[in-house]
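Here is the structure we will look at.
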Amino acid sequence: MTEGERGVLESSRAALHPVWVGSGGRERDEGGGYREARRGGGAGGAGGGGSGGGRRRGADQGGGGRTEPGRYPAADGFAPPARGRQPYPGLECSGTILALGRSVVGSRWKIGDRVCALLSGGGYAEKVAVPAGQVLPVPEGVSLRDAASFPEVACTVWSTIFMTSRLSPGESLLLEYCFSGSRGSSGIGTFAIQIAKHLGIRVFVTAGSEEKLAACKNLGADACFNYKTEDFVARVKEETGGKGVDVILDNVGASYLQRNLDSLNVDGRLFIIGLQGGRVTEVNLSCLLARRLTIQAAGLRNRTPENKAIIVSEVEKHVWPAIAAGKVKPVIHKAFPLSEVVEAHRLMESSAHIGKILLIP
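And the structure:
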């Protein structure tokens, strides 16, 4: 993305911060086009983190004129930066647009718009560069703070469960280990339950405590299983008349692979979005042939900006109206000041939270 294609968004902190809005291309750290003030730079994903000092680069010239960083919240996500990629955490943000790249001027976006955005990293900053195709308006009826909790989970769930698996009304979905702390799946679980129920899907959930099972029930889940005390395969078969579910969204990986396959209906689809339970296992593949099962990995990180823009457009078209109608609501466990980012990550790693964790400047 060239300097002229960039824009600046004043955004929430820690997973939701100021963002440059450009017309497309890769997010790049080229300097000279804008000032990038990093906050909490030491707070990496799975490794916890530290509250290292920020750094500033370049000049405030996002398409003309100086800009000042915003002061808004951001969502925390359990996703360590990919090797060789953006070293700063933060996959989503919210805020107000500070400046637009030249090719974005005259588009739907204007300076001062309240927006949220899907990022490839760098959300723990005062300003963030982002292609215009990855920017969304703040949903009607949602605060700028809470909007920070939506972009990454909405895009992950919608692109996986509905765009790729083509889950349809009347089918069933199992959210596996959806309230664990890893990979931001607590936010994914609370969001997926709500949007799936809104669209007529039968939803089953596994979680590891009675408190989390009750939270799932309150959000609309049809049946909830404690994976620590129950055989969820048997329970799924019991709830579905012996058939199994149509789609599984799994955050565990290797240790649950065989059991997940055993839980699927004919033509069932297993989507793996995390490997908390390991990467290597032995599995009996005969069930794939017998029931025409599909195993597929899913995620946003390695998608191109063009592909992300398609997903963001679909999310705005299909998900944002449900949020505006109050059918899908933000579930915020706790908000921390950015200065307490280490404590926020400790909470996230403990898996004790239900919903999203926000960082507030």
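Numbering (UniProt numbering), first residue to last: 1 to 361.
Even glycine gets a Cβ: it sits at the ideal position worked out from N, Cα and C.
Keep in mind the model is a prediction, meaning the values are calculated, not measured.
Three-state class that DSSP yields for Leu144 in the structure shown: Three-state result, Leu144: helix.
Proximity below 8 Å, CB of residue 415 to CB of Thr160: This structure cannot speak to residue 415, because the chain is shown only from 1 to 361.
DSSP bridge partner residues for Pro136 (one or two, in chain order): The question names Pro, yet the displayed sequence has Leu at residue 136. Within the DSSP secondary-structure output, Leu136 pairs in a beta bridge with Cys116.
7 Å Cβ shell around Glu176 - same chain, five flanking residues per side excluded: The residues Thr206, Ile248, Leu249, Asp250, Asn251, Val252, Tyr256 and Asn260, in chain order, have a CB closer than 7 Å to that of Glu176 in the same chain once the five nearest residues on each side in sequence are set aside.
Euclidean distance between Cα positions of Leu338 and Val283: Their Cα atoms are separated by approximately 44 Å.
Pick from Ser107, Val153, Asp113 and Cys93 that is closest to Ile311, judged by C-alpha positions: Nearest of Ser107, Val153, Asp113 and Cys93 to Ile311, Cα basis: Val153.
Boundaries (first-last residue) of the beta strand (DSSP E) holding Glu176: Membership of Glu176 in the beta strand (DSSP E) is indicated by the continuous run Ser172 to Glu176.
Reference Ala117, options Ala129, Arg279 and Ala223, closest by Cα: Answer by Cα proximity: Ala129.
Span of the beta strand (DSSP E), counted from its first residue to its last, around Arg269: First-last of the beta strand (DSSP E) with Arg269: Leu264 to Ile272.
Rounded C-alpha distance that separates Lys356 from Val105: Rounded to whole angstroms, the separation of the alpha carbons of Val105 and Lys356 is 33 Å.
Spatial neighbours of Arg292 in its chain, beta-carbon cut-off 6 Å, leaving aside the 5 residues before and after: Same-chain partners within the cutoff: Asp267.
Leu359 beta carbon less than 8 Å from that of Phe336: Between Phe336 and Leu359, the CB-CB gap stays under 8 Å.
Exposure label - Ser350; buried when at least 16 CB within 10 Å: Residue burial annotation: Ser350 is exposed, with fewer than 16 other C-beta atoms found within 10 angstroms of its C-beta.
DSSP bridge partner residues for Asp250 (one or two, in chain order): In DSSP, Asp250 forms a bridge with Glu176 and Ile272.
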